[in-house]
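Below you'll find the structure, written out as structure tokens, and then a few comments.
Residue numbers (my numbering), protein chains in the order written: chain A, 1 to 212; chain B, 1001 to 1010.
Structure follows, in structure tokens:
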């Protein structure tokens, strides 16, 4: 464990708790893409299948359990409890356009052709594009609530910090995982224009609105 | 250099 990965994990935890809190407090999931949340749920379930078989540390197990639980709770709030506030007209990104190619790629490019490894690879690839429906929804509505933009900033920062963690581990531990690194870079690049908008607008107290 | 393998990351 290194500081970059720890801060990254905490930023990730903050992001998903922020989103859950926003939906619960405002009793509304307006502006939140349910499709992205379903894909994140899929990401955690397929990645943490080893939750009970492969004990690494208390921290690792606890965080995995929290991520899965919060993801399921968020999906429940969006599609059941506050279903009436779900903006399905703007959440129109076709998930199958992401899940099918990612599933195919996981079969073709992986470290080991075993079920667990392919599911882990699928999870890594899917996570890199899972935010697209959310970013697409914001581009359609032309704006995002401030709390939602904080959620996205924390979520985007987590993987950017993981890239720094991978550089650190490469030089100090001789560890590198090309699949995770490439997917992590793609994931972070997808946030770039949002990061620009966030820094130039939200940090100056303005609402996040895309140039019409 | 060790590739992939250790899934100690979240």
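Think of the CB as a built atom: it goes at the ideal place given N, C-alpha and C, for glycine as much as any other residue.
Taking 8 Å as the threshold (C-beta atoms), are residue j and residue i in contact?
| i | j | result |
| --- | --- | --- |
| residue 33 (chain A) | residue 82 (chain A) | no |
| residue 161 (chain A) | residue 194 (chain A) | no |
| residue 242 (chain A) | residue 31 (chain A) | An answer regarding residue 242 (chain A) cannot be provided, because it is not within the stretch 1 to 212 covered by chain A. |
| residue 196 (chain A) | residue 149 (chain A) | no |
| residue 44 (chain A) | residue 15 (chain A) | no |
| residue 132 (chain A) | residue 98 (chain A) | yes |
| residue 163 (chain A) | residue 188 (chain A) | yes |
| residue 190 (chain A) | residue 105 (chain A) | no |
| residue 13 (chain A) | residue 75 (chain A) | no |
| residue 1010 (chain B) | residue 60 (chain A) | yes |
| residue 90 (chain A) | residue 25 (chain A) | no |
According to the neighbour-count rule (16 or more other Cβ atoms, all chains shown, within 10 Å of its Cβ), is residue i buried or exposed?
| i | result |
| --- | --- |
| residue 21 (chain A) | exposed |
| residue 204 (chain A) | exposed |
| residue 171 (chain A) | exposed |
| residue 107 (chain A) | exposed |
| residue 142 (chain A) | exposed |
| residue 127 (chain A) | buried |
| residue 92 (chain A) | exposed |
| residue 11 (chain A) | buried |
| residue 129 (chain A) | buried |
| residue 165 (chain A) | buried |
| residue 5 (chain A) | buried |
| residue 9 (chain A) | buried |
| residue 102 (chain A) | buried |
| residue 3 (chain A) | exposed |
| residue 157 (chain A) | buried |
| residue 1 (chain A) | exposed |
| residue 94 (chain A) | exposed |
| residue 69 (chain A) | exposed |
| residue 213 (chain A) | The structure shown does not extend to residue 213 (chain A), since chain A is modelled only from 1 through 212, so no value can be given for it. |
Report back the beta-carbon spacing between residue i and residue j to the nearest angstrom; my notes put them in contact at under 8 Å.
| i | j | result |
| --- | --- | --- |
| residue 56 (chain A) | residue 1008 (chain B) | 5 Å |
| residue 208 (chain A) | residue 146 (chain A) | 7 Å |
Q. Are the region 107 to 119 of chain A and the region 161 to 176 of chain A touching by the rule of at least three beta carbon pairs closer than 8 Å?
A. With the rule of 3 Cβ pairs closer than 8 Å, the region 107 to 119 of chain A does not count as touching the region 161 to 176 of chain A.
Q. So, do the region 35 to 51 of chain A and the region 65 to 85 of chain A have three or more beta carbon pairs nearer to each other than 8 Å?
A. Because the criterion of three Cβ pairs below 8 Å is met, the region 35 to 51 of chain A and the region 65 to 85 of chain A touch.
Q: Ignoring anything shorter than 4 residues or poking outside the region 96 to 130 of chain A, list the alpha helix (DSSP H) runs there in chain order.
A: Fully contained in the region 96 to 130 of chain A are the following alpha helix (DSSP H) runs of length 4 or more, in chain order: 96 to 108, 115 to 129.
Q | Three-pair Cβ contact test at 8 Å for the region 118 to 129 of chain A versus the region 46 to 60 of chain A | A | Touching, yes.
Q: May I have a chain-ordered list of the alpha helix (DSSP H) segments no shorter than 4 residues that lie completely inside the region 53 to 95 of chain A?
A: Runs of the alpha helix (DSSP H) inside the region 53 to 95 of chain A: 58 to 76.
Q: With a floor of 3 residues, list each beta strand (DSSP E) that falls wholly inside the region 119 to 190 of chain A, ordered by position along the chain.
A: Taken in chain order, the whole beta strand (DSSP E) runs of length 3 or more contained in the region 119 to 190 of chain A number zero.
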